[in-house]
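Undergrad: Quick note: the sequence shown uses the working numbering, first residue -6, plus one each step.
Yeah, the Cβ is synthetic: ideal placement off N, Cα and C, and Gly gets one too.
First, the structure itself, so that you have it in front of you.
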Amino acid sequence: MQIIVKEPEKQTMTIKNMAIFYHHSPYIFMCCLSVLGAIAGSFLHVCIVRIPKGMSVVSPGSHCPVCKKPIPFYYNIPIVSYFMLGGRCHHCKQPISAGHVAVEILSACLPPVFVLRFGLTFEAVIYCLFAFVLIVVSCIDGKYGIIPDRISIPGAIVFSLANIFMVNADFFFVAGGVITGSGSLFLISLVYYLIRKQIGIGGGDIKLMAMIGGVTGAQGALFSIFIASLSGCLAGILMILRHIIMKRKTEIMQQIPFGPFLSFSALLYLFYGEKMIHWYISFSMLGPDT
Ligand SMILES: [Zn+2]
């Protein structure tokens, strides 16, 4: 396993200690990161369930949604408890949502992946937290068709500031990203509204794009909107095809939540955006005439 570690003079004590830990036992280090990710995933699931209902994410403590009995800590170990209990509540034996363990597993995978890609840096930490927030946004938008302001507005402010003060991003890079991200999506939604006389892109998506732009900058924001539109269109076509194949007679007009596509595209940009853009430019410069 090869990992990027900053120059010694640029390291903080925490990163230095983590680098020492990593060099001594890389696999144990990655396992510890996964455990932290799984614990974070457990909390993310609480956010996914409670934020759309306007509930506190802190109290009451974890409880079964069916029998309302509190879940003791030894039955509340991320990932492990789900499989230990066979995916059922220990008290009423009703099934626990598989989404719960899926979020925990996904969250457990993310911290090692970000550290492998961005090294032991604040960048890796901020981007990983950004991915955690995008998981919550995508699940809520996928289930309820909304992106709560409780997430997107503080998210846009906190991640923009973190990008400036912890990742050392330029102020104009961040401000440009926020304005380009939210502004271009606002313009698209305005044009759509003027043509179709109905809302195509919700305000939640526009605020989410402010958060994405604050992390990825203007180029990343435009990339995210472009890739999200392409993948959203593809999903729409697949839905229409499925509708035709299943010979359903019901109304097909159904809104596809845009948040998960924007989130996926933003993460794709963080990992491969620059490479994909360079590849696209060199490919288009080859042109049919050369
Ligand atoms: Zn129960």
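#1: Considering only residues of the same chain and omitting the five flanking positions on each side of C40, which have a CB-CB separation below 6 Å?
#2: Buried or exposed: A91, going by 16 or more other Cβ atoms within 10 Å of its Cβ?
#3: Using the DSSP secondary-structure output, state which residues sit across from P88 in a beta bridge.
#4: Does the distance from the CB of G174 to the CB of A214 come in under 8 Å?
#5: Whose CA, out of A259, G135 and P141, lies closest to the CA of M48?
#6: Any heavy atom of ligand 1 within a distance shorter than 7 Å of the CB on K62?
#7: Give me the Cα-Cα distance between P88 and K190, rounded to the nearest whole angstrom.
#8: Which term fits N156, buried or exposed, when burial requires 16 or more other beta carbons within 10 angstroms of its beta carbon?
#9: Can you have a look at T283 and say buried or exposed, based on whether 16 or more other CB atoms are within 10 angstroms of its CB?
#10: Would you report the Cα separation of F179 and F264, rounded to the nearest angstrom?
#11: Have a look at R81 and F66 and give me their C-alpha separation to the nearest angstrom.
#12: With a threshold of 16 other CB atoms inside 10 Å of the CB of I238, please say whether the residue is buried or exposed.
#13: Just verifying my parser: in three-state terms, what is the DSSP assignment at P63?
#14: Would you check whether ligand 1 has a heavy atom nearer than 7 Å to the C-beta of H317?
#15: Cβ of V42 within 7 Å of any heavy atom in ligand 1?
#16: Tell whether a beta-carbon distance below 8 Å holds between G170 and G206.
#17: So what does H56 bridge to, in DSSP terms?
#18: Cα separation between G135 and S256?
#19: Output the boundary residues of the alpha helix (DSSP H) element that contains F251.
#20: Closer than 6 Å by C-beta to I8: which residues in its own chain qualify, once you throw out the five before and the five after it? Chain order, please.
#21: Among S275, Y262, G210 and W272, which residue has its Cα nearest to the Cα of F165?
#22: Taking DSSP as the reference, what is the three-state secondary structure of I72?
#23: With a 10 Å radius around its C-beta and 16 neighbouring C-beta atoms as the bar for buried, classify M159 as buried or exposed.
#24: Apply the 10 Å Cβ neighbour rule to M204 and answer buried if 16 or more other Cβ atoms are within range, or exposed otherwise.
#25: Where do the ends of the alpha helix (DSSP H) carrying D142 lie?
#26: Determine the closest residue to V167 out of V208, K46, Y15 and P71, with distance taken between C-alpha atoms.
#27: Cβ of L227 within 8 Å of Cβ of L127?
#28: Counting Cβ pairs, one atom from each stretch, are 3 or more of them under 8 Å apart for the segment 28 to 35 and the segment 69 to 85?
#29: Please tell me whether, using a cut-off of 7 Å, the distance from the CB of V94 to the nearest non-hydrogen atom of ligand 1 is below it.
TA: So, from the data block:
#1: Within the sequence shown, the letter at position 47 stands for residue 40. Answer for C40: V50 and V129, listed in chain order.
#2: Sequence index remark: in the sequence shown, residue 91 carries index 98 (1-based). Exposed, since its Cβ has fewer than 16 Cβ neighbours within 10 Å.
#3: As a first step, residue 88 is located in the sequence shown; it is residue number 95 there, counting from the start. R81, per the DSSP bridge assignment.
#4: For the purposes of this step, residue 174 is taken as the residue at position 181 of the sequence shown. For the purposes of this step, residue 214 is taken as the residue at position 221 of the sequence shown. The answer is yes: Cβ separation under 8 Å.
#5: Mapped onto the sequence shown, residue 48 falls at position 55. Looking at the Cα atoms, P141 is the closest of the given residues.
#6: Locating residue 62 in the sequence shown gives position 69, counting from the first residue. Checking every heavy atom of ligand 1 against the Cβ of K62, one is found closer than 7 Å.
#7: In the sequence shown, counting from the first residue as 1, residue 88 sits at position 95. In the sequence shown, counting from the first residue as 1, residue 190 sits at position 197. So the two alpha carbons sit approximately 43 Å from each other.
#8: Within the sequence shown, numbered from 1, the residue matching residue 156 stands at position 163. Buried is the call here.
#9: By 1-based counting over the sequence shown, the position of residue 283 is 290. Note that T283 scores a pLDDT of 46, beneath 50, so its modelled location is shaky; the value from the coordinates is reported in the next line. Burial call: exposed.
#10: By one-based count along the sequence shown, residue 179 stands at place 186. By one-based count along the sequence shown, residue 264 stands at place 271. When rounded, the distance between both Cα atoms is 26 Å.
#11: For this step, residue 81 is matched to residue 88 along the sequence shown. For this step, residue 66 is matched to residue 73 along the sequence shown. Approximately 15 Å, taken between the alpha carbons.
#12: Sequence index remark: in the sequence shown, residue 238 carries index 245 (1-based). Result: exposed.
#13: Indexing the sequence shown from 1 puts residue 63 at position 70. Reduced to three states, the DSSP call for P63 is strand.
#14: Lying before the first or after the last residue shown, residue 317 is absent from the chain, which here runs from -6 to 283.
#15: As a working note, residue 42 is residue 49 in the sequence shown. Not so, every heavy atom of ligand 1 lies at least 7 Å from the Cβ.
#16: Looking up residue 170 in the sequence shown gives position 177. Looking up residue 206 in the sequence shown gives position 213. Yes; because the gap between Cβ atoms is below 8 Å, this pair is in contact.
#17: The count along the sequence shown starts at 1 and reaches residue 56 at position 63. Partner(s): P63.
#18: Within the sequence shown, residue 135 is the residue found at index 142, counting from 1. Within the sequence shown, residue 256 is the residue found at index 263, counting from 1. For G135 and S256, the distance between alpha carbons rounds to 12 Å.
#19: On the sequence shown, position 258 is the one that residue 251 refers to. Looking at the DSSP string, F251 is not in any alpha helix (DSSP H), and its letter there is neither H nor E.
#20: The residue labelled residue 8 in the question sits at position 15 within the sequence shown. Closer than 6 Å at the Cβ level, and outside the excluded window around I8, lie L113.
#21: Along the sequence shown, one-based indexing puts residue 165 at 172. When only C-alpha atoms are compared, the closest one is G210.
#22: Within the sequence shown, the letter at position 79 stands for residue 72. The answer is coil: DSSP assigns I72 none of H, G, I, E or B.
#23: As a first step, residue 159 is located in the sequence shown; it is residue number 166 there, counting from the start. Exposed, since its Cβ has fewer than 16 Cβ neighbours within 10 Å.
#24: Within the sequence shown, residue 204 is the residue found at index 211, counting from 1. With 16 or more Cβ atoms within 10 Å of its Cβ, M204 is classed as buried.
#25: Here residue 142 refers to the residue found at position 149 when the sequence shown is read from its first residue. Element bounds for D142: D142 to F158.
#26: For this step, residue 167 is matched to residue 174 along the sequence shown. If we check each option's Cα against that of V167, V208 comes out closest.
#27: Taking the sequence shown and counting its residues from 1, one reaches residue 227 at position 234. Taking the sequence shown and counting its residues from 1, one reaches residue 127 at position 134. No.
#28: yes
#29: Looking up residue 94 in the sequence shown gives position 101. Outside the cutoff, so no.
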